[in-house]
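Inspection log for the structure reproduced underneath, given as structure tokens.
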Amino acid sequence: MSFKLENEVAWESSVRGILHRQLFVHPKPLPSSVSLSGEIGLITGANGGLGLEAARQLLQLGLSGLILAVRSQTKGEDASRKLSQEFPNVEIHVWVVDMADYDSIVAFADRCRKLERLDFAILNAAVQQGSFSRYEKTGHEMTIQTNYLSTILLVLLLTTVMKEKKGREAGKPPIISIVGSDTMYLSNFETSGSILPQLDDPARFSGFQQYRDSKMLLMMFVSRLVEKVSPDDVLINVCNPGLTAGTELQRDNKNTGFATRLVIPPFVKIVGRSVEAGASVYVHALVAEGRGSHGSFISDWSIKP
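For the sequence shown, this note's numbering assigns the number 891 to the initial residue and increments by one for each residue that follows.
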């Protein structure tokens, strides 16, 4: 790593750097020529928060069809109704997928394969656990199972599906944008041995630490994957909305400790971005960076180290 790059990473991971990004870096306008007319996309974790707002912003760009991939059919239908009231002429479908379950993910990808076209996928679904729990079917800790293992399975399956799809205009490849986090800069798991046993160890567990480690693993995976996937076939990137108020990330966090109840909420309220700003990073990653974003980490509306 060059000295310049080391300095950039050090700044991105510092408290000053984080606060500067959160408080003083603002959304960039999209090119006026952007139109998603005729395109079909999907968003996981789309029933609320960033996923739902990203859906709204993409529909404003003329998107012709949208799949809301959700864990709860009821919540998904509620989200679909909200969007349909604002965009009555767009086909919006609700598909159920359990992002912890491999069988559910394979079935979801098979369903995607039957689509006439699929122009983009935003993989937004993630969890941050307050206490240690395992997913019974695999034995892995739930954060790692959902945010990393299951997500990379879906990435691999969708990469194959999207390469098969026809109907893209010449020179415009389909896009998979995976939601990451700048907390990955703070990841510190041991890399000299096997990684998963560490992350499945309840004695090591910390909810925030597990979350940031899962996002670092995702970035590492994407960095290797793009060596095998041409951006002419499928363009793959990772986008970071930043700390955002009003999301459902900690919906499964049962931790009732002092920090969770009394410190984190006011901090997020003060320095957190609006859902609209956070979701606009997703849109930027899809339409503004082009082939240069293949394998890249997009944060603050630009490509970062």
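Ideal placement from N, C-alpha and C gives every residue a C-beta, glycine not left out. These figures come from a predicted structure and were not determined experimentally.
CB contact flag (residue i, residue j, <7 angstroms)
i, j, result
"residue 941", "residue 933", "yes"
"residue 1002", "residue 1045", "no"
"residue 936", "residue 945", "yes"
"residue 1208", "residue 987", "The structure shown does not extend to residue 1208, since the chain spans only 891 to 1195, so no value can be given for it."
"residue 1211", "residue 1111", "Because residue 1211 is not part of the residues shown, which for the chain are 891 to 1195, the question remains open."
"residue 1102", "residue 1132", "no"
"residue 1092", "residue 1009", "no"
"residue 1168", "residue 1134", "yes"
"residue 1100", "residue 1033", "yes"
"residue 969", "residue 1040", "no"
"residue 904", "residue 1076", "no"
"residue 1096", "residue 917", "no"
"residue 1007", "residue 1055", "yes"
"residue 1177", "residue 924", "yes"
Neighbour-count burial assignment, residue i, 16 or more Cβ in a 10 Å radius
i, result
"residue 1018", "buried"
"residue 914", "exposed"
"residue 950", "exposed"
"residue 1000", "exposed"
"residue 1165", "buried"
Inter-residue Cα distance where the pair is residue i and residue j
i, j, result
"residue 993", "residue 964", "21 angstroms"
"residue 1184", "residue 1020", "33 angstroms"
"residue 922", "residue 1121", "24 angstroms"
"residue 908", "residue 1030", "31 angstroms"
"residue 843", "residue 1083", "There is simply no residue 843 to check, as the chain begins at 891 and stops at 1195 in what is shown."
"residue 1137", "residue 978", "25 angstroms"
"residue 1049", "residue 1126", "9 angstroms"
"residue 1015", "residue 897", "31 angstroms"
"residue 1159", "residue 1073", "18 angstroms"
"residue 1119", "residue 980", "31 angstroms"
"residue 901", "residue 1013", "27 angstroms"
"residue 1090", "residue 1028", "11 angstroms"
"residue 1011", "residue 906", "33 angstroms"
"residue 961", "residue 1098", "23 angstroms"
"residue 886", "residue 1026", "Nothing about residue 886 can be reported from this structure: the residues present for the chain run from 891 to 1195 only."
"residue 1047", "residue 1175", "21 angstroms"
"residue 1068", "residue 1005", "21 angstroms"
"residue 1156", "residue 1062", "43 angstroms"
"residue 982", "residue 1085", "40 angstroms"
Own chain residues within Cβ distance below 8 angstroms of residue i, not counting five before or after
i, result
"residue 972", "942"
"residue 1161", "909, 912, 913, 1133"
"residue 1182", "1193"
"residue 1173", "920, 944, 947, 948, 951"
"residue 995", "987, 988, 989, 1040, 1043, 1044, 1047"
Sequence-distant residues of its chain with Cβ nearer than 7 angstroms to residue i (five each side left out)
i, result
"residue 1088", "1079, 1080, 1094"
"residue 1070", "1105, 1108, 1109, 1128, 1129, 1130, 1187"
"residue 1053", "1123, 1124"
"residue 1113", "1185"
"residue 1022", "1031, 1092, 1095"
"residue 927", "952, 954"
"residue 939", "1136, 1137, 1138, 1165"
"residue 1035", "990, 1025, 1028"
Cβ-heavy atom distance, residue i to the ligand FAD, below 6 angstroms
i, result
"residue 1165", "As presented, the structure is devoid of all ligands, the ligand FAD included, so that no description of it is given."
Cβ-based neighbour list, residue i, same chain, cut-off 6 angstroms, excluding 5 preceding and 5 following
i, result
"residue 899", "1195"
"residue 1190", "911, 915"
"residue 966", "937, 958, 960, 984"
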